[in-house]
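Remarks on the structure that follows.
Number of protein chains: 2
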Amino acid sequence: MATRYLEDFEPGGVHPAGSVQLSEDEILEFGRRYDPQPFHVDPEAARASIYGGLIASGWQTVAVTMRLLVDHVFGQAANMGSPGVDEIRWLRPVRPGDTLSVRVTVLETRPSRSKPDRGVLRFRVDVDNQDGEPTMSMVGASFVGRRPHI
Amino acid sequence: MATRYLEDFEPGGVHPAGSVQLSEDEILEFGRRYDPQPFHVDPEAARASIYGGLIASGWQTVAVTMRLLVDHVFGQAANMGSPGVDEIRWLRPVRPGDTLSVRVTVLETRPSRSKPDRGVLRFRVDVDNQDGEPTMSMVGASFVGRRPHI
């Protein structure tokens, strides 16, 4: 059951969303399946690349971030999916053993005009590594249910 | 070895990138791992949702699209990673059994000023279902090597 509604997200509010560590095996597995570029799947070729070693697919960073967002923030919300995202920025490579910490900042909540039971939540996601350095940022949107009048 | 360089991508050029079918098992597997919202992981809850049935995580659509982009377009290019993407739009739900077809349209190529061996390729990705309906669009960018002078 939803316990957070559109009204529970305050613009400017910051919601921590936990952290996750990525192993070399996980980076290779994701890369082989979804993004088999040499610097994601071949440690030797990766060493010879401009990255100097294996790095995670940016889409793996997005996927593990999404899992944390669902577990820590949106899983308890009356979430109804998303129309899309803007401005994904991969700011630094993610390497084997890195631990990523995720936080969400609420940008805006806007009740729908046509559908009074829901609205759009716009938010920014920041993903930092274990040294506090930004590795990814993203601006997203979700349809979120409004608190029912009982 | 790279066989396509920045110079080989003509603005306006359209590159087909193949197609992929998504099974219910694959949708459930991805959802459980990365995006465990009810309409991605629980067929019964999905039926009661606004989607009326199970739908794929938008991030799964992105991930299988990326695989096709690497296999059909960027895998042969001197690709050096990506600074990010803009404007991912999930336009229609992707349901079990849907077949997604991907094409890339080149928007712009811009040689780097500071690094003469590479440039930025900006492109649009369109993902249609088996009925020719748009399910996702995305505007992305990649660093691509320039053709060496031999």
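Listed in order, the protein sequences are those of chains A and B. According to this note's numbering, the first sequence is numbered sequentially starting from 1. According to this note's numbering, the second sequence is numbered sequentially starting from 1. Backbone N, C-alpha and C define an ideal beta-carbon position, used for all residues, glycine too. Remember, it's a predicted structure, so these values are computed and weren't measured experimentally.
Discussion item. Would you say B/Ser142 lies against chain A (beta-carbon separation less than 8 angstroms)?
Written reply: no
Fill in: Own chain, CB closer than 6 angstroms to B/Val102, minus 5 neighbours either side, in chain order
In the same chain as B/Val102, and ignoring 5 residues on each side of it, the C-beta atoms closer than 6 angstroms to its own belong to Ala17, Thr65, Leu68 and Val127, in chain order.
Fill in: A/Thr99 burial status per 10 Å Cβ neighbour count (16 or more: buried)
exposed
Worksheet entry | Residue range of the unbroken alpha helix (DSSP H) whose run includes A/Ile88 | Element bounds for A/Ile88: not the alpha helix (DSSP H) but the beta strand (DSSP E), Gly84 to Trp90.
Worksheet item: Should A/Glu87 be flagged as near chain B, meaning a C-beta pair shorter than 8 angstroms?
Response: yes
Fill in: Reduced DSSP secondary structure (H/G/I, E/B, other) of B/Met138
strand
Discussion item. Using only CA atoms, which one of B/Ser142, B/Val41 and B/Arg147 lies nearest to B/Val73?
Written reply: B/Ser142
Discussion item. Between B/Ser101 and chain A, is any beta-carbon pair separated by less than 8 angstroms?
Written reply: no
Discussion item. Short of 8 angstroms Cβ to Cβ, which residues in the region 18 to 45 of chain B face chain A?
Written reply: Arg33, Tyr34, Asp35, Pro36, Gln37 and Phe39
Worksheet entry | Neighbour flag for A/Arg67 against chain B, beta carbons, 8 angstroms | yes
Worksheet entry | Local Cβ density within 10 Å of B/Ser114, reported as buried at 16 or more and exposed below that | Flag for B/Ser114 reads exposed.
Item to complete: Can you have a look at A/Ala45 and say buried or exposed, based on whether 16 or more other CB atoms are within 10 angstroms of its CB?
Response: By the neighbour-count rule (16 or more Cβ atoms within 10 Å), A/Ala45 is not buried but exposed.
Worksheet item: Counting only beta-carbon atoms, is B/Ser112 nearer than 8 angstroms to chain A?
Response: no
Discussion item. Let me see if you follow: with CB-CB separation under 8 angstroms, is B/Asn129 close to chain A or not?
Written reply: no
Worksheet item: Who are the near neighbours of B/Arg89 in its chain, counting only those whose CB is closer than 7 angstroms to its CB and skipping five residues on each side?
Response: Met136 and Ser137
Discussion item. Check for me: the alpha helix (DSSP H) holding B/Glu24 runs from which residue to which?
Written reply: Glu24 to Tyr34
Worksheet entry | Short Cβ contact (8 angstroms threshold) for A/Glu87 with A/Pro11 | no
Discussion item. To the nearest angstrom, how far is the alpha carbon of B/Trp59 from that of A/Ala56?
Written reply: 16 angstroms
Worksheet item: How many Å lie between A/Gly97 and B/Pro134 at the Cα?
Response: 38 angstroms
Practice prompt. For B/Val94, name the three-state secondary structure that DSSP assigns.
Written response: coil
Practice prompt. Would you identify the three-state DSSP class for A/Thr3, choosing helix, strand or coil?
Written response: coil
Worksheet item: Using the beta-carbon count (16 or more within 10 Å), is A/Thr61 buried or exposed?
Response: Buried: at least 16 other Cβ atoms inside 10 Å.
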